[in-house]
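K.L.:
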Amino acid sequence: MMLIVLFVRGVTLEGAGKGLVYYLTPDFSRLADSQVWYDAASQIFYSLGIAFGGTQVMASYNKFNNNTHRDSVFIALTNCCTSVFAGVVVFSILGHMAHKLDMDVKDVVANGPGLVFVAYPEALTLLPVAPLWSVLFFFMIFTVGLDTQFVMLETCITGICDEFPHIMQKYKTWVLLAVSVGMYLLGLTCVTNAGMYWLNLMDWYSAGFSLMVLAFFLCIAISWVYGFQRFCKNVQEMIGYQPNYYFKICWAVISPMVLLFIVVFSMVVHVPAYYGSYQYPGWAVCIGWLMALMSIVMVPLFVVLAILKAKGSFMERLRYACESSDNWGPALMNASSAESSQSDEDEQEKKVPLQDTEGNDNSYISTI
230 MMLIVLFVRG
240 VTLEGAGKGL
250 VYYLTPDFSR
260 LADSQVWYDA
270 ASQIFYSLGI
280 AFGGTQVMAS
290 YNKFNNNTHR
300 DSVFIALTNC
310 CTSVFAGVVV
320 FSILGHMAHK
330 LDMDVKDVVA
340 NGPGLVFVAY
350 PEALTLLPVA
360 PLWSVLFFFM
370 IFTVGLDTQF
380 VMLETCITGI
390 CDEFPHIMQK
400 YKTWVLLAVS
410 VGMYLLGLTC
420 VTNAGMYWLN
430 LMDWYSAGFS
440 LMVLAFFLCI
450 AISWVYGFQR
460 FCKNVQEMIG
470 YQPNYYFKIC
480 WAVISPMVLL
490 FIVVFSMVVH
500 VPAYYGSYQY
510 PGWAVCIGWL
520 MALMSIVMVP
530 LFVVLAILKA
540 KGSFMERLRY
550 ACESSDNWGP
560 ALMNASSAES
570 SQSDEDEQEK
580 KVPLQDTEGN
590 DNSYISTI
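When we follow my numbering, the leftmost residue of the sequence shown carries the number 230, and every step to the right adds one.
1. Give the DSSP bridge partners of residue 599, in chain order.
2. Please classify residue 357 as buried or exposed, where buried requires at least 16 neighbouring CB atoms within 10 angstroms.
3. How do the region 480–496 and the region 520–530 stand: do at least 3 beta-carbon pairs fall below 8 Å, yes or no?
4. Could you give the DSSP three-state label for residue 279: helix, strand or coil?
5. Hey, how far is the Cα of residue 381 from the Cα of residue 271?
6. With contact counted as at least three CB pairs below 8 Å, one residue from each stretch, are the region 509–522 and the region 432–449 in contact?
7. Any idea what DSSP makes of residue 290, helix, strand or coil?
8. Taking all protein chains shown into account, decide if residue 453 is buried (16 or more other Cβ within 10 angstroms of its Cβ) or exposed.
9. Determine the burial state of residue 325: buried for a count of at least 16 other Cβ atoms within 10 Å of its Cβ, exposed for fewer.
10. Within the same chain, show all residues whose beta-carbon is closer than 7 Å to that of residue 385, passing over the 5 residues directly before and after it, in chain order.
11. By how many angstroms is the C-alpha of residue 288 removed from the C-alpha of residue 300?
12. Taking the C-alpha atoms as reference points, what is the distance between residue 556 and residue 305?
13. Short check: CB of residue 489 to CB of residue 460, under 7 Å?
14. Distance, Cα to Cα, residue 378 vs residue 491?
15. Taking only three categories from DSSP, how would you classify residue 567?
16. Quick check on residue 576: does DSSP put it in helix, strand or coil?
17. May I ask you to report which of helix, strand or coil DSSP gives residue 583?
18. List the endpoints of the continuous alpha helix (DSSP H) containing residue 453.
19. Quick one, are the C-beta atoms of residue 605 and residue 370 less than 7 Å apart?
20. To the nearest angstrom, how far is it from the Cα of residue 248 to the Cα of residue 485?
21. Report the start-end ranges of each alpha helix (DSSP H) in the region 380–430 that is 4 residues or longer and not cut off at the edges.
22. Excluding the 5 residues flanking residue 558 on each side, which residues of the same chain have their C-beta closer than 7 Å to its C-beta?
23. Looking at the secondary structure, which residues open and close the alpha helix (DSSP H) in which residue 322 lies?
24. With DSSP as the reference, label residue 263 as helix, strand or coil.
25. Between residue 448 and residue 397, what straight-line distance do the alpha-carbon atoms span, to the nearest angstrom?
26. Among 400, 276, 239, which has the Cα closest to the Cα of residue 349?
27. Would you mind sorting residue 474 into buried or exposed? The rule is 16 or more other CB atoms within 10 Å of its CB.
28. What residues in its chain sit with their C-beta under 7 Å from that of residue 365, if we drop five residues either side in the sequence?
29. Under 7 Å between the Cβ atoms of residue 320 and residue 252?
30. Ignore the nearest five residues each way along the sequence and tell me which others in residue 242's own chain have a CB closer than 6 Å to its CB.
31. Does residue 502 pass the burial test, meaning 16 or more other C-beta atoms within 10 Å, or should it be called exposed?
32. Check residue 481 in the structure and name its three-state DSSP category.
33. DSSP three-state label for residue 472, please.
34. Taking residue 277 and residue 296 to be in contact with their CB atoms under 8 Å, please state how far apart those CB atoms are, rounded to whole angstroms.
35. Taking the straight line between their C-alpha atoms, what separation do you get for residue 328 and residue 245?
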(Lines of atoms letter the chains of each structure in order from A; the text may use other names.)
(Lines give C-alpha, C1' and ligand atoms only; values in the text may rest on other atoms or scores of the structure.)
Protein backbone atom coordinates (compact mmCIF):
# COMPACT_ATOMS: atom_id res chain seq x y z
CA MET A 230 0.00 0.00 0.00
CA MET A 231 2.79 2.40 0.93
CA LEU A 232 4.58 1.73 -2.36
CA ILE A 233 1.37 2.34 -4.31
CA VAL A 234 0.85 5.70 -2.58
CA LEU A 235 4.45 6.72 -3.27
CA PHE A 236 4.14 5.49 -6.86
CA VAL A 237 1.07 7.61 -7.55
CA ARG A 238 2.73 10.66 -6.02
CA GLY A 239 6.13 9.99 -7.58
CA VAL A 240 5.06 9.63 -11.21
CA THR A 241 3.04 12.85 -11.00
CA LEU A 242 6.03 14.94 -9.85
CA GLU A 243 7.73 17.35 -12.20
CA GLY A 244 10.84 15.73 -13.66
CA ALA A 245 9.72 12.17 -12.81
CA GLY A 246 9.99 11.20 -16.47
CA LYS A 247 13.69 12.05 -16.43
CA GLY A 248 14.28 9.53 -13.68
CA LEU A 249 12.14 6.85 -15.32
CA VAL A 250 13.99 7.22 -18.62
CA TYR A 251 17.29 6.78 -16.78
CA TYR A 252 15.91 3.72 -14.96
CA LEU A 253 14.36 1.96 -17.97
CA THR A 254 16.98 2.75 -20.63
CA PRO A 255 19.32 -0.26 -20.92
CA ASP A 256 23.06 0.14 -21.31
CA PHE A 257 24.04 -3.04 -23.13
CA SER A 258 27.73 -2.18 -22.92
CA ARG A 259 27.58 -2.97 -19.19
CA LEU A 260 26.84 -6.61 -20.03
CA ALA A 261 30.51 -6.98 -20.88
CA ASP A 262 31.41 -5.89 -17.35
CA SER A 263 31.85 -9.03 -15.28
CA GLN A 264 31.33 -7.09 -12.07
CA VAL A 265 27.76 -6.36 -13.16
CA TRP A 266 27.00 -10.08 -13.35
CA TYR A 267 28.51 -10.67 -9.92
CA ASP A 268 26.50 -7.80 -8.41
CA ALA A 269 23.32 -9.09 -10.05
CA ALA A 270 23.90 -12.58 -8.65
CA SER A 271 24.60 -11.17 -5.18
CA GLN A 272 21.44 -9.09 -5.31
CA ILE A 273 19.16 -11.97 -6.29
CA PHE A 274 20.70 -14.16 -3.59
CA TYR A 275 20.09 -11.49 -0.98
CA SER A 276 16.64 -10.57 -2.28
CA LEU A 277 15.27 -14.14 -2.37
CA GLY A 278 17.16 -15.30 0.71
CA ILE A 279 18.94 -18.08 -1.20
CA ALA A 280 21.41 -20.06 0.96
CA PHE A 281 20.49 -18.07 4.07
CA GLY A 282 18.55 -21.06 5.37
CA GLY A 283 15.43 -19.09 6.17
CA THR A 284 13.38 -20.42 3.26
CA GLN A 285 14.19 -24.03 4.18
CA VAL A 286 13.35 -23.47 7.84
CA MET A 287 10.04 -21.74 7.12
CA ALA A 288 9.13 -24.34 4.48
CA SER A 289 9.74 -27.14 6.99
CA TYR A 290 6.58 -26.01 8.81
CA ASN A 291 4.41 -26.52 5.70
CA LYS A 292 2.01 -29.40 5.30
CA PHE A 293 3.64 -32.42 3.71
CA ASN A 294 1.63 -32.12 0.48
CA ASN A 295 2.01 -28.36 0.12
CA ASN A 296 2.73 -27.39 -3.50
CA THR A 297 6.26 -26.05 -3.06
CA HIS A 298 6.75 -25.75 -6.82
CA ARG A 299 3.87 -23.30 -7.08
CA ASP A 300 5.08 -21.37 -4.04
CA SER A 301 8.63 -21.11 -5.39
CA VAL A 302 7.51 -19.73 -8.75
CA PHE A 303 5.07 -17.33 -7.10
CA ILE A 304 7.67 -15.99 -4.64
CA ALA A 305 10.29 -15.49 -7.36
CA LEU A 306 7.87 -13.67 -9.68
CA THR A 307 6.45 -11.56 -6.86
CA ASN A 308 9.94 -10.59 -5.72
CA CYS A 309 10.97 -9.54 -9.24
CA CYS A 310 7.79 -7.54 -9.84
CA THR A 311 8.07 -5.82 -6.46
CA SER A 312 11.71 -4.93 -7.10
CA VAL A 313 10.91 -3.43 -10.51
CA PHE A 314 7.94 -1.55 -9.07
CA ALA A 315 10.03 -0.18 -6.19
CA GLY A 316 12.64 0.94 -8.74
CA VAL A 317 10.00 2.92 -10.60
CA VAL A 318 9.02 4.65 -7.36
CA VAL A 319 12.62 5.47 -6.40
CA PHE A 320 13.73 6.77 -9.79
CA SER A 321 10.64 8.87 -10.34
CA ILE A 322 11.50 10.65 -7.10
CA LEU A 323 15.19 10.89 -8.03
CA GLY A 324 14.15 12.40 -11.36
CA HIS A 325 12.18 15.06 -9.51
CA MET A 326 15.15 15.79 -7.23
CA ALA A 327 17.48 16.00 -10.24
CA HIS A 328 15.08 18.42 -11.91
CA LYS A 329 14.98 20.68 -8.86
CA LEU A 330 18.76 20.63 -8.38
CA ASP A 331 19.49 20.83 -12.13
CA MET A 332 21.70 17.74 -11.97
CA ASP A 333 21.95 14.36 -13.66
CA VAL A 334 20.00 11.56 -12.01
CA LYS A 335 23.16 9.55 -11.35
CA ASP A 336 24.64 12.47 -9.40
CA VAL A 337 21.66 13.13 -7.13
CA VAL A 338 22.41 10.55 -4.45
CA ALA A 339 24.92 7.77 -4.00
CA ASN A 340 23.74 4.19 -4.17
CA GLY A 341 23.67 1.92 -1.16
CA PRO A 342 21.49 1.39 1.92
CA GLY A 343 21.17 5.13 2.47
CA LEU A 344 19.11 5.51 -0.70
CA VAL A 345 15.90 4.50 1.04
CA PHE A 346 16.41 7.27 3.60
CA VAL A 347 16.82 9.93 0.90
CA ALA A 348 14.44 9.19 -1.97
CA TYR A 349 11.39 7.99 -0.05
CA PRO A 350 11.42 10.72 2.64
CA GLU A 351 11.70 13.30 -0.14
CA ALA A 352 8.47 11.97 -1.64
CA LEU A 353 6.77 11.82 1.74
CA THR A 354 7.34 15.53 2.31
CA LEU A 355 5.33 16.23 -0.84
CA LEU A 356 2.25 14.32 0.35
CA PRO A 357 -0.68 15.82 2.25
CA VAL A 358 -0.34 15.24 6.01
CA ALA A 359 3.36 14.49 5.47
CA PRO A 360 4.17 13.73 9.15
CA LEU A 361 1.55 10.96 9.24
CA TRP A 362 2.88 9.32 6.08
CA SER A 363 6.42 9.61 7.40
CA VAL A 364 5.46 7.81 10.62
CA LEU A 365 3.71 5.05 8.65
CA PHE A 366 6.65 4.67 6.26
CA PHE A 367 9.34 4.36 8.90
CA PHE A 368 7.11 2.07 10.97
CA MET A 369 6.88 -0.13 7.87
CA ILE A 370 10.69 -0.11 7.55
CA PHE A 371 10.96 -1.09 11.22
CA THR A 372 8.49 -3.98 10.93
CA VAL A 373 10.14 -5.30 7.74
CA GLY A 374 13.51 -5.35 9.49
CA LEU A 375 12.01 -6.98 12.57
CA ASP A 376 10.32 -9.64 10.46
CA THR A 377 13.65 -10.43 8.80
CA GLN A 378 15.24 -10.86 12.21
CA PHE A 379 12.52 -13.35 13.18
CA VAL A 380 13.42 -15.53 10.21
CA MET A 381 17.18 -15.29 10.80
CA LEU A 382 16.78 -16.06 14.50
CA GLU A 383 14.50 -19.02 13.79
CA THR A 384 17.07 -20.33 11.30
CA CYS A 385 19.84 -20.27 13.90
CA ILE A 386 17.69 -21.83 16.63
CA THR A 387 16.31 -24.56 14.35
CA GLY A 388 19.80 -25.51 13.20
CA ILE A 389 21.05 -25.80 16.77
CA CYS A 390 17.99 -27.76 17.93
CA ASP A 391 18.15 -30.18 14.99
CA GLU A 392 21.84 -30.86 15.60
CA PHE A 393 21.50 -31.35 19.37
CA PRO A 394 17.84 -32.40 19.85
CA HIS A 395 18.16 -34.12 23.22
CA ILE A 396 19.93 -31.19 24.85
CA MET A 397 17.93 -28.41 23.19
CA GLN A 398 14.53 -29.80 24.19
CA LYS A 399 15.41 -28.93 27.76
CA TYR A 400 17.33 -25.67 27.25
CA LYS A 401 15.73 -24.20 24.11
CA THR A 402 14.52 -21.09 25.94
CA TRP A 403 18.00 -20.35 27.26
CA VAL A 404 19.57 -20.94 23.86
CA LEU A 405 17.03 -18.59 22.31
CA LEU A 406 17.85 -15.95 24.92
CA ALA A 407 21.61 -16.36 24.44
CA VAL A 408 21.40 -16.09 20.64
CA SER A 409 19.08 -13.07 20.85
CA VAL A 410 21.34 -11.23 23.29
CA GLY A 411 24.41 -12.10 21.22
CA MET A 412 22.83 -10.77 18.03
CA TYR A 413 21.71 -7.63 19.85
CA LEU A 414 25.22 -6.92 21.12
CA LEU A 415 26.73 -7.49 17.68
CA GLY A 416 24.12 -5.23 16.13
CA LEU A 417 25.06 -2.34 18.39
CA THR A 418 28.08 -1.68 16.16
CA CYS A 419 25.68 -0.63 13.39
CA VAL A 420 24.13 2.20 15.42
CA THR A 421 27.41 3.92 16.27
CA ASN A 422 28.85 6.84 14.31
CA ALA A 423 30.68 4.27 12.18
CA GLY A 424 27.56 2.14 11.81
CA MET A 425 27.22 2.64 8.05
CA TYR A 426 30.83 1.55 7.55
CA TRP A 427 30.25 -1.63 9.57
CA LEU A 428 27.02 -2.33 7.70
CA ASN A 429 28.77 -1.91 4.36
CA LEU A 430 31.59 -4.21 5.50
CA MET A 431 29.10 -6.93 6.50
CA ASP A 432 27.21 -6.55 3.24
CA TRP A 433 30.43 -6.64 1.21
CA TYR A 434 31.71 -9.94 2.59
CA SER A 435 28.71 -11.76 4.06
CA ALA A 436 25.96 -11.19 1.48
CA GLY A 437 27.75 -12.27 -1.68
CA PHE A 438 30.76 -14.57 -1.78
CA SER A 439 29.85 -16.78 1.18
CA LEU A 440 26.25 -17.27 0.02
CA MET A 441 27.36 -18.45 -3.41
CA VAL A 442 29.87 -20.89 -1.92
CA LEU A 443 27.16 -22.34 0.33
CA ALA A 444 24.71 -22.53 -2.58
CA PHE A 445 27.32 -24.40 -4.64
CA PHE A 446 27.79 -27.02 -1.93
CA LEU A 447 24.01 -27.23 -1.53
CA CYS A 448 23.60 -28.05 -5.23
CA ILE A 449 26.36 -30.67 -5.02
CA ALA A 450 24.85 -32.24 -1.89
CA ILE A 451 21.35 -32.51 -3.36
CA SER A 452 22.22 -33.45 -6.94
CA TRP A 453 25.29 -35.64 -6.55
CA VAL A 454 25.39 -36.87 -2.93
CA TYR A 455 21.71 -37.40 -2.23
CA GLY A 456 20.93 -37.79 -5.94
CA PHE A 457 18.67 -35.51 -7.95
CA GLN A 458 16.59 -38.50 -9.12
CA ARG A 459 15.83 -39.41 -5.50
CA PHE A 460 15.18 -35.76 -4.76
CA CYS A 461 12.75 -35.49 -7.68
CA LYS A 462 11.03 -38.68 -6.49
CA ASN A 463 10.61 -37.11 -3.03
CA VAL A 464 9.14 -34.01 -4.64
CA GLN A 465 6.69 -36.23 -6.54
CA GLU A 466 5.66 -37.94 -3.30
CA MET A 467 4.89 -34.51 -1.85
CA ILE A 468 3.20 -32.61 -4.72
CA GLY A 469 2.12 -35.45 -7.02
CA TYR A 470 4.42 -34.84 -9.98
CA GLN A 471 8.13 -34.59 -10.70
CA PRO A 472 9.90 -31.34 -11.62
CA ASN A 473 10.45 -30.97 -15.36
CA TYR A 474 13.78 -31.44 -17.11
CA TYR A 475 14.60 -27.75 -16.87
CA PHE A 476 14.85 -27.95 -13.08
CA LYS A 477 16.74 -31.24 -13.19
CA ILE A 478 19.36 -29.88 -15.59
CA CYS A 479 19.71 -26.67 -13.58
CA TRP A 480 20.14 -28.50 -10.27
CA ALA A 481 22.61 -31.05 -11.58
CA VAL A 482 24.69 -29.07 -14.10
CA ILE A 483 23.91 -25.43 -14.85
CA SER A 484 23.54 -24.02 -11.33
CA PRO A 485 26.71 -25.64 -9.90
CA MET A 486 28.75 -24.56 -12.93
CA VAL A 487 27.48 -20.98 -12.84
CA LEU A 488 28.02 -20.72 -9.09
CA LEU A 489 31.53 -22.15 -9.34
CA PHE A 490 32.37 -19.69 -12.11
CA ILE A 491 31.08 -16.74 -10.07
CA VAL A 492 32.99 -17.85 -6.96
CA VAL A 493 36.26 -18.29 -8.86
CA PHE A 494 35.75 -15.04 -10.73
CA SER A 495 35.04 -13.09 -7.54
CA MET A 496 38.31 -14.36 -6.06
CA VAL A 497 40.32 -13.47 -9.18
CA VAL A 498 39.01 -9.91 -9.51
CA HIS A 499 38.50 -9.32 -5.80
CA VAL A 500 38.55 -5.67 -4.76
CA PRO A 501 39.00 -4.82 -1.05
CA ALA A 502 35.98 -3.23 0.57
CA TYR A 503 35.44 0.51 0.28
CA TYR A 504 32.65 2.94 1.10
CA GLY A 505 32.52 5.95 -1.19
CA SER A 506 36.06 7.31 -1.23
CA TYR A 507 36.99 5.56 2.02
CA GLN A 508 39.27 2.53 1.75
CA TYR A 509 38.98 0.08 4.63
CA PRO A 510 42.21 -0.64 6.53
CA GLY A 511 43.77 -4.10 6.50
CA TRP A 512 42.41 -5.12 9.90
CA ALA A 513 38.84 -4.29 8.79
CA VAL A 514 39.27 -6.38 5.62
CA CYS A 515 40.47 -9.28 7.80
CA ILE A 516 37.34 -8.96 9.93
CA GLY A 517 35.24 -9.01 6.76
CA TRP A 518 36.86 -12.21 5.52
CA LEU A 519 36.47 -13.72 8.98
CA MET A 520 32.73 -13.04 8.83
CA ALA A 521 32.54 -14.62 5.38
CA LEU A 522 34.50 -17.72 6.39
CA MET A 523 32.56 -18.32 9.61
CA SER A 524 29.65 -19.74 7.62
CA ILE A 525 31.69 -21.39 4.86
CA VAL A 526 33.99 -23.27 7.25
CA MET A 527 31.01 -25.19 8.63
CA VAL A 528 30.83 -27.28 5.45
CA PRO A 529 34.34 -28.80 5.61
CA LEU A 530 34.11 -28.94 9.41
CA PHE A 531 31.10 -31.27 9.36
CA VAL A 532 32.71 -33.31 6.57
CA VAL A 533 35.71 -33.88 8.83
CA LEU A 534 33.44 -34.78 11.75
CA ALA A 535 31.54 -37.29 9.60
CA ILE A 536 34.83 -38.90 8.51
CA LEU A 537 36.08 -39.11 12.09
CA LYS A 538 32.85 -40.74 13.29
CA ALA A 539 32.91 -43.38 10.54
CA LYS A 540 34.74 -46.71 10.86
CA GLY A 541 37.20 -48.41 8.56
CA SER A 542 40.05 -47.16 6.41
CA PHE A 543 40.33 -43.55 5.32
CA MET A 544 38.81 -44.28 1.88
CA GLU A 545 35.94 -46.19 3.48
CA ARG A 546 35.31 -43.31 5.85
CA LEU A 547 35.45 -40.82 2.99
CA ARG A 548 33.01 -42.91 0.95
CA TYR A 549 30.70 -43.16 3.95
CA ALA A 550 30.77 -39.37 4.42
CA CYS A 551 29.99 -38.76 0.72
CA GLU A 552 27.13 -41.23 0.41
CA SER A 553 23.56 -40.88 1.60
CA SER A 554 21.94 -43.65 3.58
CA ASP A 555 18.84 -45.45 2.34
CA ASN A 556 16.65 -43.97 5.07
CA TRP A 557 17.25 -40.39 3.96
CA GLY A 558 14.12 -38.65 2.76
CA PRO A 559 11.33 -36.29 3.81
CA ALA A 560 10.98 -36.43 7.58
CA LEU A 561 7.18 -36.53 7.60
CA MET A 562 7.12 -39.34 5.04
CA ASN A 563 9.61 -41.35 7.09
CA ALA A 564 7.59 -40.73 10.24
CA SER A 565 4.41 -41.83 8.46
CA SER A 566 6.12 -45.01 7.24
CA ALA A 567 7.38 -45.73 10.74
CA GLU A 568 3.88 -45.28 12.19
CA SER A 569 2.45 -47.56 9.51
CA SER A 570 5.02 -50.25 10.30
CA GLN A 571 4.32 -49.92 14.01
CA SER A 572 0.58 -50.25 13.37
CA ASP A 573 1.14 -53.44 11.40
CA GLU A 574 3.23 -54.86 14.24
CA ASP A 575 0.58 -53.94 16.80
CA GLU A 576 -2.10 -55.61 14.70
CA GLN A 577 -0.05 -58.79 14.47
CA GLU A 578 0.38 -58.80 18.23
CA LYS A 579 -3.38 -58.60 18.65
CA LYS A 580 -3.73 -61.93 16.85
CA VAL A 581 -3.30 -64.85 19.26
CA PRO A 582 -2.61 -68.52 18.35
CA LEU A 583 -5.33 -71.02 19.30
CA GLN A 584 -5.03 -74.81 19.25
CA ASP A 585 -7.63 -76.51 17.14
CA THR A 586 -9.64 -79.05 19.15
CA GLU A 587 -9.03 -81.57 16.39
CA GLY A 588 -5.28 -81.34 16.94
CA ASN A 589 -4.63 -79.52 13.65
CA ASP A 590 -2.01 -76.81 13.14
CA ASN A 591 -2.36 -73.53 14.99
CA SER A 592 -4.77 -71.08 13.39
CA TYR A 593 -4.90 -67.36 14.06
CA ILE A 594 -8.04 -65.49 14.89
CA SER A 595 -8.23 -61.80 15.44
CA THR A 596 -9.20 -60.45 18.83
CA ILE A 597 -10.39 -57.21 17.30
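The C-beta atom is built at its ideal place from N, Cα and C for all residues, glycine as well.
P.N.:
Well, looking at it:
1. There is no way to answer for residue 599, as the model of the chain reaches only from 230 to 597.
2. exposed
3. no
4. coil
5. 18 Å
6. yes
7. coil
8. exposed
9. buried
10. 408
11. 10 Å
12. 32 Å
13. no
14. 28 Å
15. With a pLDDT of only 49 at residue 567, under 50, the local geometry of the prediction cannot be trusted, and the value read off the model is given with reservation. Correct three-state label for residue 567: helix.
16. Note that residue 576 has pLDDT 49, beneath the 50 cutoff, so the model's placement of it is unreliable and no number is given.
17. Per-residue confidence for residue 583 stands at a pLDDT of 41, beneath the threshold of 50, marking its modelled position as unreliable; the derived number appears in the next sentence. Three-state DSSP puts residue 583 in a strand.
18. Premise fails: residue 453 is in no alpha helix (DSSP H) and is neither H nor E.
19. An answer regarding residue 605 cannot be provided, because it is not within the stretch 230 to 597 covered by the chain.
20. 37 Å
21. 394–416
22. 463
23. 297–330
24. helix
25. 29 Å
26. 239
27. exposed
28. 231
29. yes
30. 325
31. buried
32. helix
33. coil
34. The Cβ separation is near 18 Å, so there is no contact.
35. 8 Å
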